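Chains as they are written, first to last, in the numbering used here: chain A, 564 to 790; chain B, 32 to 368.
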Amino acid sequence: MKLLALDTSTEACSVALRLNDEVLALDEVCPQQHSKRVLPMVQQLLSDAGLTLSQLDGLVFGKGPGSFTGVRIGVGVAQGLAFGADLPLYGISTLAAMAQAAQRLHQARQVLAAIDARMAEIYFGEYQLDDSGVMQLQGLEQAIRPELLQPRTHSAECTAVGTGWQTYGAVLQQWQPAQSTDILYPSARDMLTLAGPAWQAGSFVAAEQAEPSYVRDTVSWQKLPGR
Amino acid sequence: MRVLGIETSCDETGIAIYDSELGLLSHQLYSQVKLHADYGGVVPELASRDHVRKTLPLIRAALKEASSSAADIDGVAYTAGPGLAGALLVGAAIGRSLALAWQKPAIGVHHMEGHLLAPMLEANPPAFPFLALLVSGGHTQLVAVAGIGQYQLLGESIDDAAGEAFDKTAKLMGLDYPGGPLLAKMATAGNPTAHRFPRPMLDRPGLDFSFSGLKTAAANVIAKAGTDDQARADIAASFQQAVVDTLVAKCERALQQTGLNRLVVAGGVSANTSLRQQLAVLLQQRGGQVFYPRKEFCTDNGAMIAFAGHQRLVAGQQQDLAIAVQPRWPMEQLSPI
Numbered sequence: 564m565k566l567l568a569l570d571t572s573t574e575a576c577s578v579a580l581r582l583n584d585e586v587l588a589l590d591e592v593c594p595q596q597h598s599k600r601v602l603p604m605v606q607q608l609l610s611d612a613g614l615t616l617s618q619l620d621g622l623v624f625g626k627g628p629g630s631f632t633g634v635r636i637g638v639g640v641a642q643g644l645a646f647g648a649d650l651p652l653y654g655i656s657t658l659a660a661m662a663q664a665a666q667r668l669h670q671a672r673q674v675l676a677a678i679d680a681r682m683a684e685i686y687f688g689e690y691q692l693d694d695s696g697v698m699q700l701q702g703l704e705q706a707i708r709p710e711l712l713q714p715r716t717h718s719a720e721c722t723a724v725g726t727g728w729q730t731y732g733a734v735l736q737q738w739q740p741a742q743s744t745d746i747l748y749p750s751a752r753d754m755l756t757l758a759g760p761a762w763q764a765g766s767f768v769a770a771e772q773a774e775p776s777y778v779r780d781t782v783s784w785q786k787l788p789g790r
Numbered sequence: 032m033r034v035l036g037i038e039t040s041c042d043e044t045g046i047a048i049y050d051s052e053l054g055l056l057s058h059q060l061y062s063q064v065k066l067h068a069d070y071g072g073v074v075p076e077l078a079s080r081d082h083v084r085k086t087l088p089l090i091r092a093a094l095k096e097a098s099s100s101a102a103d104i105d106g107v108a109y110t111a112g113p114g115l116a117g118a119l120l121v122g123a124a125i126g127r128s129l130a131l132a133w134q135k136p137a138i139g140v141h142h143m144e145g146h147l148l149a150p151m152l153e154a155n156p157p158a159f160p161f162l163a164l165l166v167s168g169g170h171t172q173l174v175a176v177a178g179i180g181q182y183q184l185l186g187e188s189i190d191d192a193a194g195e196a197f198d199k200t201a202k203l204m205g206l207d208y209p210g211g212p213l214l215a216k217m218a219t220a221g222n223p224t225a226h227r228f229p230r231p232m233l234d235r236p237g238l239d240f241s242f243s244g245l246k247t248a249a250a251n252v253i254a255k256a257g258t259d260d261q262a263r264a265d266i267a268a269s270f271q272q273a274v275v276d277t278l279v280a281k282c283e284r285a286l287q288q289t290g291l292n293r294l295v296v297a298g299g300v301s302a303n304t305s306l307r308q309q310l311a312v313l314l315q316q317r318g319g320q321v322f323y324p325r326k327e328f329c330t331d332n333g334a335m336i337a338f339a340g341h342q343r344l345v346a347g348q349q350q351d352l353a354i355a356v357q358p359r360w361p362m363e364q365l366s367p368i
């Protein structure tokens with residue numbers, strides 16, 4: 564199985580390639596530079612592996628939540644590459660990817676993932692490791708004011724990931740798990756792990772069907788200034 | 032060479048395929064106008080989200096319409112600016128990535144270059160050099176065009192674009208968004224001399240435009256007119272006359288100043304009948320000729336991007352792997368070919 568994953572949803576930009584059991588990955592933190600970096604990073608990984616896009620079996624992309632523009636760069640690049648190389652696509656949550664990273668790096672089983680969503684909110688999701696070693700979302704991902712957060716399960720064994728815990732440390736203190744980590748951003752590497760079951764289940768879709776997951780869909784829309 | 036063009040700079044998703052030998056093979060357009068109507072203007076975030084949903088299906092439709100397979104496409108052109116940053120990024124990300132996957136060159140196209148070259152898609156294309164009036168909801172510019180990429184900006188609006196003034200005045204009259212074309216339709220039943228609205232900046236030298244004062248003058252009259260249909264039509268006609276007089280007078284001044292006798296008019300307002308009539312008279316008097324794109328290419332479309340991108344790709348220009356957009360991009364920064 565040969566899958567390429569990419570994510571540009573947050574301040575980080577990452578690309579990873581799975582060649583059967585081997586994983587190659589590139590991770591950069593490059594705010595505002597994703598649009599310039601992501602395709603050269605894809606090119607570099609493919610060239611390191613001696614592969615072309617059309618030799619892949621499928622593409623995986625970070626579908627959000629995150630910066631709206633960053634999420635769209637990721638889905639746009641994934642759509643363009645998948646359409647052009649005739650590959651199926653699958654989107655993975657950025658919150659889930661950080662939870663999976665906590666499993667990979669810290670053997671976490673329960674994770675509270677929070678991304679600073681600006682506008683005084685966080686994107687939040689709770690994850691639990693399943694028997695196959697993949698993080699599963701508990702409940703729904705949400706955009707929420709941190710002071711209103713009510714985690715479903717809260718125990719000392721939880722692990723915290725994401726920028727939300729830094730930005731809203733004081734407000735979130737009562738939910739701050741015992742285990743805090745230095746995992747601030749999602750990585751495409753973990754999206755490959757999360758996409759494994761979907762690949763097995765044949766859940767990848769055609770490029771046109773790939774959709775972003777903004778999570779925040781109800782902000783009061785602002786039209787162009789002065790119009 | 033066969034080029035796929037992608038336009039996503041504002042609220043239309045436009046996709047087209049242009050071929051060196053066969054000309055325009057297909058063009059597909061989706062307008063988001065209904066999506067933004069409830070807000071009375073373009074909402075950038077909603078525009079970007081909709082481009083994500085529409086771009087690939089339209090590319091597939093354009094390939095089908097052209098009876099073209101991916102392997103027949105030799106390059107990809109996308110609008111790189113000016114426009115809404117988020118909206119531009121969707122087309123640029125998809126277009127640049129598609130070109131990488133196809134292993135074909137890509138080029139970022141200047142939206143206004145697309146507009147001013149659009150008449151070259153017609154049977155009787157203008158020869159260089161010419162004067163171009165680019166007049167839409169986002170722009171009002173007079174440009175001296177010596178060749179592709181050789182542009183001298185002679186004048187532009189210092190505030191509202193002409194199409195924006197139409198839309199805002201229409202809104203003041205209670206017309207649905209975008210009201211400009213409705214206002215022009217209403218004007219056909221009105222007396223253009225009923226009100227004497229200002230002809231902004233005609234009393235001073237130069238080729239810049241200003242339309243926000245005209246809108247304010249109209250607002251005062253609209254408030255007094257009430258609901259009488261004829262009174263409203265008279266306001267619409269008088270307003271339109273003021274805009275058209277101003278555009279025509281500045282075109283005349285620019286033709287005089289540059290010694291050019293060919294005029295290209297493009298952008299949404301170039302579809303305005305009254306403007307076309309007066310420009311026809313002007314160019315006839317001067318022994319010149321005026322050129323327009325077909326009406327469906329006056330507004331934003333993929334065909335003009337495929338064509339402009341084709342000209343530059345054929346000349347050997349292309350983009351590296353950076354997905355680069357420039358929401359503000361002066362035309363004079365373009366390179367000649």
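Virtual Cβ for every residue (Gly too), placed ideally from N, Cα, C. Just so it is clear, the structure is predicted and the values come from calculations on it, not from any experiment.
CB contact flag (residue i, residue j, <9 Å)
| i | j | result |
| --- | --- | --- |
| R317 of chain B | E283 of chain B | yes |
| G210 of chain B | D198 of chain B | yes |
| S373 of chain B | Q272 of chain B | Because chain B here runs from 32 to 368, residue 373 of chain B falls outside it and cannot be looked at. |
| R600 of chain A | V121 of chain B | no |
| P628 of chain A | I678 of chain A | yes |
| V623 of chain A | A751 of chain A | yes |
| A579 of chain A | L608 of chain A | yes |
| V64 of chain B | Y208 of chain B | yes |
| T381 of chain B | I46 of chain B | Residue coverage of chain B in this structure runs from 32 to 368, which leaves residue 381 of chain B outside it and unanswerable. |
| I138 of chain B | Q357 of chain B | no |
C-alpha distance - residue i paired with residue j, whole-angstrom precision
| i | j | result |
| --- | --- | --- |
| I189 of chain B | K202 of chain B | 21 Å |
| R343 of chain B | A132 of chain B | 21 Å |
| L700 of chain A | L675 of chain A | 10 Å |
| G145 of chain B | F338 of chain B | 7 Å |
| A733 of chain A | L757 of chain A | 31 Å |
| L206 of chain B | G71 of chain B | 10 Å |
| R672 of chain A | I746 of chain A | 15 Å |
| D259 of chain B | N251 of chain B | 16 Å |
| L712 of chain A | T730 of chain A | 15 Å |
| P603 of chain A | L352 of chain B | 6 Å |
| E187 of chain B | S630 of chain A | 34 Å |
| F322 of chain B | C329 of chain B | 11 Å |
| R535 of chain A | L587 of chain A | Nothing about residue 535 of chain A can be read from this structure; chain A reaches only from 564 to 790. |
| N303 of chain B | A346 of chain B | 34 Å |
Chain A contact for residue i (CB, 9 Å cutoff)
| i | result |
| --- | --- |
| G112 of chain B | no |
| V166 of chain B | no |
| E76 of chain B | yes |
| W360 of chain B | no |
| T86 of chain B | yes |
| L369 of chain B | Nothing about residue 369 of chain B can be reported from this structure: the residues present for chain B run from 32 to 368 only. |
| A249 of chain B | no |
| V64 of chain B | no |
| K356 of chain B | Position check: residue 356 of chain B holds Val in this sequence, whereas Lys was assumed. Answer yes: the Cβ-Cβ gap between V356 of chain B and chain A drops below 9 Å somewhere. |
| S79 of chain B | yes |
| V121 of chain B | yes |
Any C-beta of chain B under 9 Å from that of residue i
| i | result |
| --- | --- |
| S577 of chain A | no |
| R790 of chain A | Note that R790 of chain A scores a pLDDT of 48, beneath 50, so its modelled location is shaky; the value from the coordinates is reported in the next line. It does: the Cβ of R790 of chain A has a partner Cβ on chain B nearer than 9 Å. |
| V674 of chain A | no |
| S617 of chain A | yes |
| G647 of chain A | yes |
| R635 of chain A | yes |
| K626 of chain A | no |
| S598 of chain A | yes |
Rounded distance between the beta-carbons of residue j and residue i, thought under 8 Å
| i | j | result |
| --- | --- | --- |
| E533 of chain A | G688 of chain A | Outside the displayed span of chain A (564 to 790) sits residue 533 of chain A, for which this structure offers no information. |
| H67 of chain B | V74 of chain B | 6 Å |
| Y686 of chain A | L650 of chain A | The pair is not a contact, with the Cβ atoms about 28 Å apart (cut-off 8 Å). |
| S40 of chain B | H142 of chain B | 5 Å |
| G180 of chain B | P367 of chain B | 4 Å |
| P749 of chain A | D570 of chain A | 6 Å |
| A218 of chain B | A268 of chain B | 4 Å |
| R779 of chain A | A680 of chain A | 7 Å |
Enclosing beta strand (DSSP E) for residue i [first to last residue]
| i | result |
| --- | --- |
| R293 of chain B | 293 to 297 |
| C282 of chain B | No beta strand (DSSP E) holds C282 of chain B; the alpha helix (DSSP H) holding it covers 260 to 289. |
| D794 of chain A | With chain A covering 564 to 790 only, the question about residue 794 of chain A has no answer from this structure. |
| S57 of chain B | 54 to 62 |
Host alpha helix (DSSP H) of residue i (start-end)
| i | result |
| --- | --- |
| T200 of chain B | 193 to 203 |
| Q596 of chain A | Neither: Q596 of chain A is in no alpha helix (DSSP H) and is coded neither H nor E. |
| V734 of chain A | Counting along the chain, V734 of chain A falls outside any alpha helix (DSSP H), and DSSP gives it neither H nor E. |
beta-carbon residue i near the ligand FMN non-hydrogen atom, thresh 8 Å
| i | result |
| --- | --- |
| G194 of chain B | With respect to the ligand FMN, the structure shown offers nothing to examine, as it has no ligands at all. |
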